[in-house]
Amino acid sequence: MGSHRLPAPATDAGRAGLAALLTRPQEALLALDFDGTLAPIVADPDSARAHPGAVAALGRLAPRLGSVAIITGRPAAVAVRYGGFSGAPGLDRLVVLGHYGAERWDAATGLVRAPDPHPGVAAVRAELPGVLDKAGAWRGTWIEDKGRAVAVHTRRAEDPQAAVELLREPLAALAAHHGLVVEPGRFVLELRSPGMDKGVALAEYVRERGARTAVYGGDDLGDLAAFDAVDTLRAEGLAGLTVCSGSEEVVALAERADVVVDGPDGMVGLLDALAEEMDGARSA
Ligand SMILES: [Mg+2]
Numbered sequence: 001m002g003s004h005r006l007p008a009p010a011t012d013a014g015r016a017g018l019a020a021l022l023t024r025p026q027e028a029l030l031a032l033d034f035d036g037t038l039a040p041i042v043a044d045p046d047s048a049r050a051h052p053g054a055v056a057a058l059g060r061l062a063p064r065l066g067s068v069a070i071i072t073g074r075p076a077a078v079a080v081r082y083g084g085f086s087g088a089p090g091l092d093r094l095v096v097l098g099h100y101g102a103e104r105w106d107a108a109t110g111l112v113r114a115p116d117p118h119p120g121v122a123a124v125r126a127e128l129p130g131v132l133d134k135a136g137a138w139r140g141t142w143i144e145d146k147g148r149a150v151a152v153h154t155r156r157a158e159d160p161q162a163a164v165e166l167l168r169e170p171l172a173a174l175a176a177h178h179g180l181v182v183e184p185g186r187f188v189l190e191l192r193s194p195g196m197d198k199g200v201a202l203a204e205y206v207r208e209r210g211a212r213t214a215v216y217g218g219d220d221l222g223d224l225a226a227f228d229a230v231d232t233l234r235a236e237g238l239a240g241l242t243v244c245s246g247s248e249e250v251v252a253l254a255e256r257a258d259v260v261v262d263g264p265d266g267m268v269g270l271l272d273a274l275a276e277e278m279d280g281a282r283s284a
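Encoded structure:
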């Protein structure tokens, strides 16, 4: 392998996954989280945008691969907009699985497919301000209405960690009362419908596409389910590779990953290196 920028996976399974990706890219499915992985984390999630090199790197790599998907907790249409994915060169087959796979946007049609939201979301939306008041939520705590989920952020509080800890129990109780689950993230607790996670979304899309290699990259606790799915697929005989977009805020993912890169910068560098390697292999 010629490129010095390609990292060496830390595990045998990861080395096998990278080798399979490079030698049989048309059998591979690459799935990536959005925030913290392709887009730098910012204080206001509405200001998040893809890393300036992300779309070009993905667009260069995607035609060489069997499938490319974004799997995000955001609404699919929001990730498409903030990512700048619609109409991007090379991304004409991109799929964005939003709300942890509950929604799906296909670049081929430009349409979002989404079931009705869980009725508990409306109840939680109505009760949440009162619950935050009663819990004595820190100043700077705020609610993000995601349509089929509601998220409570503490990144803007003076002590984001203490602010999020304070809310864990009351929000867990509120979610449980309305049949929802809490998805913890980087200074955020999201209340959403159960039954779907990034692992389920990844495994279903791998099966749909008949992929033989599954590559997943993410940065946060919600991505652990997708890492688990890669492990399960490997146990079933597929090749797999897990990549962590590393940050100081989350360590649990780096410990599990075959490859750790330095945030979205590192992730874009990895995508470029993979495309370069495949270009080299083609012209060799
Ligand atoms: Mg993320």
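Quick note on numbering: the sequence shown equals residues 1 to 284 in full-length UniProt numbering.
C-beta: ideal position from N, C-alpha, C; glycine also.
Would you kindly work out how many angstroms separate the C-alpha atoms of D258 and I71, rounded to a whole number?
Working through the sequence shown from its first residue, we reach residue 258 at position 258. Working through the sequence shown from its first residue, we reach residue 71 at position 71. So the two alpha carbons sit approximately 19 Å from each other.
For Y100 and G195, I'd like the C-alpha separation in whole angstroms.
For this step, residue 100 is matched to residue 100 along the sequence shown. For this step, residue 195 is matched to residue 195 along the sequence shown. Spanning the two alpha carbons is a distance of roughly 10 Å.
Examine the Cβ distances between the segment 260-273 and the segment 50-66 and report whether three or more of them are shorter than 8 Å.
As far as the Cβ criterion goes, the segment 260-273 touches the segment 50-66, which means the pair count is three or higher.
Distance check for H177 and L132, CA to CA, integer angstroms please.
Residue numbering aside, residue 132 sits at position 132 when the sequence shown is read from its first letter. Residue numbering aside, residue 177 sits at position 177 when the sequence shown is read from its first letter. Taking the straight line joining both Cα atoms gives about 15 Å.
By Cβ distance, which residues of its chain are closer than 7 Å to R234, with the 5 residues on each side in sequence left out?
For the purposes of this step, residue 234 is identified with residue 234 of the sequence shown, where counting begins at 1. Around R234: A13 and G240.
Where DSSP assigns a beta bridge to Y100, which residues make up the other side?
If you number the sequence shown from 1, residue 100 lands on position 100. BP columns for Y100 are empty, so no partner.
Do F85 and L97 have their CB atoms nearer than 8 Å?
Translated into positions along the sequence shown, residue 85 becomes position 85. Translated into positions along the sequence shown, residue 97 becomes position 97. Cβ distance not < 8 Å, so F85 and L97 don't count as in contact.
Just to check my reading of the structure: G246 and A252 have Cβ atoms closer than 8 Å, yes? What is that Cβ distance to the nearest angstrom?
As a working mapping, residue 246 is identified with position 246 in the sequence shown. As a working mapping, residue 252 is identified with position 252 in the sequence shown. G246 to A252, Cβ: 11 Å. No contact.
Cβ-heavy atom distance between T37 and ligand 1 below 7 Å?
For this step, residue 37 is matched to residue 37 along the sequence shown. For ligand 1, at least one heavy atom lies less than 7 Å from the Cβ of T37.
Mapping DSSP to helix, strand and coil, what is P52?
As a position in the sequence shown, residue 52 is number 52, starting the count at 1. In the structure shown, P52 sits in coil (DSSP, three-state: anything other than H, G, I, E or B).
Between the segment 8-22 and the segment 179-199, are three or more C-beta pairs nearer than 8 Å?
Judged by Cβ distances under 8 Å, the segment 8-22 makes no contact with the segment 179-199, as fewer than three pairs qualify.
Measuring alpha carbon to alpha carbon, tell me which residue in D265, R139 and R125 is nearest P40.
The residue given as residue 40 occupies position 40 in the sequence shown. When only C-alpha atoms are compared, the closest one is D265.
Can you find the residues in the same chain that come closer than 8 Å, C-beta to C-beta, to H51, ignoring five residues on each side of it along the sequence?
If you number the sequence shown from 1, residue 51 lands on position 51. Within the same chain, H51 has close Cβ partners L38, A39, P40, P264, D265, M267 and V268.
Would you check whether ligand 1 has a heavy atom nearer than 7 Å to the C-beta of G218?
The count along the sequence shown starts at 1 and reaches residue 218 at position 218. Within the cutoff, so yes.
Quick one, are the C-beta atoms of L189 and L171 less than 8 Å apart?
By 1-based counting over the sequence shown, the position of residue 189 is 189. By 1-based counting over the sequence shown, the position of residue 171 is 171. Yes; because the gap between Cβ atoms is below 8 Å, this pair is in contact.
Straight-line CA distance for E277 to L22?
Start at 1 with the first residue of the sequence shown, and residue 277 comes out as number 277. Start at 1 with the first residue of the sequence shown, and residue 22 comes out as number 22. Cα to Cα, the separation comes out at about 8 Å.
Out of curiosity, what's the CA-to-CA distance linking R125 and E27?
In the sequence shown, the residue the question calls residue 125 occupies position 125. In the sequence shown, the residue the question calls residue 27 occupies position 27. Whole-angstrom Cα-Cα distance: 42 Å.
Do D33 and ligand 2 come close, with the Cβ less than 7 Å from some heavy atom?
You won't find ligand 2 in this model; what it holds is ligand 1.
With distances taken from CA atoms, which of R64, A19, V112 and A123 is nearest L91?
Here residue 91 is taken as the residue at index 91 of the sequence shown, counted from 1. The shortest Cα separation from L91 among R64, A19, V112 and A123 belongs to R64.
Pick out whichever of A214, G218, G110 and V261 has its Cα sitting closest to the Cα of E236.
Position 236 of the sequence shown, counting from 1, holds the residue named residue 236. When each option's Cα is compared against that of E236, the closest is A214.
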